[in-house]
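Data first, discussion second: the structure below is written as structure tokens.
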Amino acid sequence: MGNKQVMTVDGFVDANQLGVTYSHEHLIVQPQIPEEKYIPYTLKNQHASTEEAKLFSKAGGKTIVEMTPIYYGRDVRAYQKIAHEAGIHVVCCTGFHKELFMPKWFQDKTKQDLYDIVLDEIENGIDGTKIRPGVIKIGTSFDTITSQEARAIEVAARIYKDTRIPISTHCDKGTMGMEQLDMFEKFGVSPEKVLLCHIDCKYDIDYAKELCARGAFICIDHVGRDLENQDEFCVRMITELAEAGFANRVVLAGDMGKIDYLPSYGGKPGLAYILTELKDTLMKYISKQDFWQMLIKNPQRFLSGND
Ligand SMILES: [Zn+2]
């Protein structure tokens, strides 16, 4: 059996070379809505983002999954440069965010049009480059799946079945994970091929366990927000999931697509945090083996489709 491969911004890499992986981050990102509240969520300074990636690398990080989709300020040329300068792998994505952030043209396209747009990025490259995505993104809104989002899910399912590229989803404040899995199953994609992100944002550990029990991967990716309480809730959630035997379904990240979280942009704690402070805290509660499984083995299994 040959080695499993994962598509990065520099082409295929053996899955076992990915090393320590953050499964949901943003390096260069810009919500396409001209409102003041989105300004902090804009990361456009390539130099600062490179510095951040270097800090990640210095802390032992090796791979970042860049989850900025179509029409959200995605810049694959910049991701490639950052990857080279920081000496890391970057996996970028295709697909769409939740409806609020979809391009205006989304609703005017047929499902076949949308399929063709996404497949073209996978087969030929993104934005006139040869850089290809390693993940398909979809998003749903808070407590609901809109009809446009349902179309994006159907397209992603069909793309998955034709390409075997795994699907990573935006669960708004952690909601709609079950419903997303229901829809994917209806369209022939098993939960093992889906990574549900932001699940910690719902503050419901039983819900997280149920998603894992269905076989999905879940991403706990809002660590580093509650520094005063040392991420008390996320630590408890990770601990309980490990105790329940779900260490093999959990991946970690910071989703630090905001200037407030990145030292290079004047914020904190930065991309190194999970591998330094959070690690020290978590080691009191979970085994080393579980910790590294969440950061190395599980992202490898998810990204290579070897669930
Ligand atoms: Zn994100």
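Going by numbering that gives the first Met the number 0, the residue at position 119 of the sequence shown is 118; the numbering climbs one at a time, nothing skipped.
Ideal placement from N, C-alpha and C gives every residue a C-beta, glycine not left out.
Computed from a predicted model, the values in this text were never measured in an experiment.
How would you call residue i, buried or exposed, if buried means at least 16 neighbouring beta carbons within 10 angstroms?
i: G187; result: exposed
i: G86; result: exposed
i: L294; result: buried
i: Y202; result: exposed
i: T128; result: exposed
i: A14; result: buried
i: N2; result: exposed
i: F55; result: buried
i: M0; result: Caution is warranted here: a pLDDT of 46 is assigned to M0, below 50, making its placement in the model unreliable, and the coordinate value is therefore given only provisionally. Label assigned to M0: exposed.
i: I38; result: exposed
i: S48; result: buried
i: G173; result: buried
i: F245; result: buried
i: E24; result: buried
i: D205; result: exposed
i: R248; result: buried
i: L195; result: buried
i: M282; result: exposed
i: K36; result: exposed
i: Q292; result: buried
i: Q179; result: buried
i: E376; result: Any question about residue 376 goes unanswered here, given that the chain covers just 0 to 306.
i: E227; result: exposed
i: Q220; result: According to the sequence provided, residue 220 is Asp. The question's Gln does not apply to it. Counting Cβ neighbours within 10 Å, D220 comes out buried, since at least 16 surround it.
Please determine whether the Cβ atom of residue i lies at a distance below 8 Å from any heavy atom of ligand 1.
i: G256; result: yes
i: M282; result: no
i: H169; result: yes
i: C196; result: yes
i: M101; result: no
i: H23; result: yes
i: M175; result: no
i: M66; result: yes
Consider the Cβ of residue i: report whether some Cβ of chain D lies at a distance smaller than 9 Å.
i: V154; result: No chain D is present in this structure, which holds just one protein chain.
Taking Cβ positions, are residue i and residue j nearer each other than 9 Å?
i: F183; j: A151; result: no
i: G304; j: K267; result: no
i: V84; j: K53; result: The question names Val, yet the displayed sequence has Glu at residue 84. Yes, Cβ-Cβ distance for E84 and K53 is below 9 Å.
i: F301; j: V250; result: yes
i: K57; j: A271; result: yes
i: I116; j: K108; result: yes
i: C92; j: T62; result: no
i: D9; j: Q111; result: no
i: L26; j: A77; result: yes
i: G176; j: A215; result: yes
i: S286; j: E50; result: no
i: I144; j: P165; result: no
So residue i packs on residue j, CB below 8 Å; how close in whole Å?
i: Q90; j: G133; result: The sequence given here places Val at residue 90; Gln does not occur at that position. The Cβ separation is near 4 Å, so the contact holds.
i: Q45; j: I69; result: Actually they are not in contact, since the Cβ atoms of Q45 and I69 sit about 20 Å apart, beyond 8 Å.
i: C218; j: S22; result: 5 Å
i: T162; j: I121; result: 6 Å
i: V75; j: I130; result: 4 Å
i: P190; j: L17; result: P190 to L17, Cβ: 22 Å. No contact.
i: F11; j: V5; result: 7 Å
i: I125; j: C170; result: Their Cβ separation, rounded to whole angstroms, is 24 Å, which puts I125 and C170 out of contact at 8 Å.
Counting Cβ pairs closer than 8 Å, one from the region 259 to 275 and one from the region 207 to 220, do we hit at least three?
no
Does the pairing of the region 238 to 248 with the region 20 to 33 give three or more beta-carbon distances under 8 Å?
no
Could you check whether the region 57 to 75 touches the region 139 to 148, counting it as contact only if at least three pairs of C-beta atoms, one from each stretch, sit closer than 8 Å?
no
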